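Throughout the sequence shown, residue numbering follows the UniProt record's numbering, covering 1 to 132 in sequence.
One structure is given here, and the rest of the page talks about it.
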Amino acid sequence: ASMLGNGRTALQCCRRIRQLKAATSERAEWSKSEDLKLSEAVKKHVEGDWRGISNAITGKSPQQCLYRWTRVINPSIRKGRWTGEEDSLLRNAVSKRKPGEWTRIAHDVPGRSDVQCRERWMNVLSPDVRKA
1 ASMLGNGRTA LQCCRRIRQL KAATSERAEW SKSEDLKLSE AVKKHVEGDW RGISNAITGK
61 SPQQCLYRWT RVINPSIRKG RWTGEEDSLL RNAVSKRKPG EWTRIAHDVP GRSDVQCRER
121 WMNVLSPDVR KA
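This is the structure we're talking about:
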């Protein structure tokens, strides 16, 4: 868990993985129509009302909707190469926060998700990364 940089123990990580697998075990794949319904529901509901949003998509939990939106289909999330400016913003954000606060760190790096920020830091920018 310390390798992940998320501040959780290995046991906590294993439990979370089991919980997520159980939530997605029925049908992990999202159809295009479900993605469309999710986008429409996000526009109609108050930000953060994942229970209400999930009611619009049959068979999907609030957690599944949250993850799908924040990590896959949210149009404000940039995909592709990181810019030098984004790297600078990430370094600055990491220096101001506690280890593992990736959601808060991501707020300081517009257009990047918490997962993107953590992966960029842990695999590229962290001083602990061995340079080949």
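All C-beta atoms in this analysis are idealised placements derived from N, C-alpha and C, irrespective of residue type, glycine included.
Since we're looking at a predicted model, the values are computed, not measured.
query: Opening and closing residue of the alpha helix (DSSP H) in which Asn92 lies; result: 84-96
query: Simplified DSSP assignment, three categories, for Lys37; result: helix
query: Inter-residue spacing [alpha-carbon to alpha-carbon] between Val115 and Trp102; result: 7 Å
query: With 16 other Cβ atoms within 10 Å as the buried cut-off, status of Arg15; result: exposed
query: Residues near Cys65 by beta carbon distance below 8 Å, same chain, minus five either side; result: Leu38, Ala41, Trp50, Ile53, Ser54, Ile57
query: Cβ pair Val109, Leu90 closer than 8 Å; result: yes
query: Burial state of Ile17 (16 or more Cβ within 10 Å); result: exposed
query: Ile77 beta carbon less than 8 Å from that of Val94; result: no
query: Asp114, enclosing alpha helix (DSSP H) - first and last residue; result: 114-120
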